[in-house]
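Take a look at the structure below.
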Ligand code: NAI
Ligand code: MG
């Protein structure tokens, strides 16, 4: 049976890196078809809307999407498409694994941290206003329901993946109400998982410990903004934003993407690292049950890093985006 997948190539480096992901998926021979849509600036230019209804219908129907990075205007302009999609489809967990690949030179070895970030509320809930021209404020919304969903997801992931510890990163010493609630939910849910060690760590100390003893961390569960920042940090530990993918998981749909953005500083040059969206492709195929093809992509990516002959500039090499994609295709089993 052939499965339909919604595809958004994105903008900036999006089309360049997504082209490699699409080629690699096709090269595995997996029976999937792509339904392709624009979103954000390209959609605005073509259709006058940033999030076309056809795109939303396609995700609703297919329940799975592969997405390139989408630019969000800074300090004004339209609201983030990424946040809108996550909220619209109730994608409550953003799961990001930072893993030390053999062949990638970094100051840290043996890092394997899974960050599970709450993905629908917190400081990204979209409640922000300017009561007068010298004052602006944001609401940091934390609900029991969303906290329960993401925290339970983190513990379930730990069990499924054979991980040992779940750490809640918080600032409940200052944000007593919001992070206080998040921590109470964490302690309650932890009782259901006696086989998993759990602890709590204050977010600023967590940032320090991540760069001194990253191997002490296993699964981190946290609120939206903290998770956004920490997962870029953990990707830096293992070689940078070009490597890490993010799975946006909900009960009715899931969207797979890179954690990086549209990288306007290198867009159009053909030098971006497509590894993160290739990794996202593997995660997506795993999610929809094409285990063999998912594993083939994962192993081909690992082999390409291990060989070290064909790396992009962010990893110290000189390969183009396309050359890297070719190397991964050559390494598909
Ligand atoms: P960014 O992740 O696009 O870039 C940060 C730095 O990392 C840049 O120096 C860039 O060249 C480098 N980089 C990122 N991905 C790379 C790759 N695959 N290969 C090699 N180098 C790479 O973050 P920035 O500049 O803060 O954001 C740019 C735009 O992307 C903004 O409009 C932002 O809102 C958007 N964004 C979108 C995301 C998404 O669609 N999920 C996620 C993060 C940011
Ligand atoms: Mg981010």
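Residue numbers (the numbering used here): 4 to 336. Backbone N, C-alpha and C fix where the C-beta goes; we use that ideal spot for every residue, glycine too. No experiment lies behind these values; they were computed from the predicted model shown.
Quick check on this structure: which residue in 4, 5, 22 has the alpha carbon closest to the alpha carbon of residue 325? 22
Tell me the residue span of the beta strand (DSSP E) that contains residue 338. Since the displayed the chain opens at 4 and closes at 336, residue 338 lies outside it and no answer follows.
Could you give the distance in angstroms between the alpha-carbon of residue 312 and the alpha-carbon of residue 276? 14 Å
When DSSP builds the beta bridges, which residues end up paired with residue 25? Residue 25 pairs with nothing; no bridge assigned.
If we ignore side chains and look at the alpha-carbon of each, how far apart do residue 186 and residue 214 end up? 24 Å
Inter-residue Cα distance where the pair is residue 280 and residue 136: 41 Å
Closest by C-alpha distance to residue 115, when choosing among 331, 13, 122, 164: 164
Between which residues of its own chain and residue 220 is the CB-CB distance below 6 Å, once the five residues before and five after are set aside? 116
Where residue 220 falls: helix, strand or coil (DSSP): coil
The region 44-52 contacting the region 236-248, beta-carbon criterion three pairs below 8 Å: no
Please confirm if residue 286 has its CB atom under 9 Å from at least one CB of chain C. The structure shown has no chain C; it contains just one protein chain.
Closer than 7 Å by C-beta to residue 317: which residues in its own chain qualify, once you throw out the five before and the five after it? Chain order, please. 243, 245, 276
Any idea what DSSP makes of residue 180, helix, strand or coil? coil
How would you call residue 4, buried or exposed, if buried means at least 16 neighbouring beta carbons within 10 angstroms? exposed
Apart from the five residues on each side of it in sequence, which residues of its chain come closer than 6 Å, Cβ to Cβ, to residue 9? 38, 61, 62, 65, 68
Can you give me the start and stop residues for the alpha helix (DSSP H) that residue 305 sits inside? 294-310
Say the cut is 8 Å; is the CB of residue 47 nearer than that to a heavy atom of the ligand NAI? no
Closest Cα partner of residue 159 within the set 128, 132, 172, 192: 192
Beta-carbon separation of residue 265 and residue 13 under 9 Å? yes
Residue 244 in three-state terms, based on DSSP: coil
Does the Cβ of residue 279 lie closer than 8 Å to at least one heavy atom of the ligand NAI? yes
Find out if the Cβ-Cβ distance for the pair residue 157, residue 222 is shorter than 9 Å. yes
Where do the ends of the alpha helix (DSSP H) carrying residue 329 lie? 324-333
On the three-state DSSP scale, how would you describe residue 66? coil
Does DSSP put residue 49 in a helix, a strand or coil? helix
Does the region 119-129 come into contact with the region 77-92, if we say contact requires no fewer than three beta-carbon pairs (one atom in each stretch) closer than 8 Å? yes
Given 8 Å as the limit, tell me if residue 210 has its C-beta closer than that to any heavy atom belonging to the ligand NAI. no
Excluding the five sequence neighbours on either side, which residues of its own chain have a C-beta within less than 8 Å of the C-beta of residue 134, listed in chain order? 140
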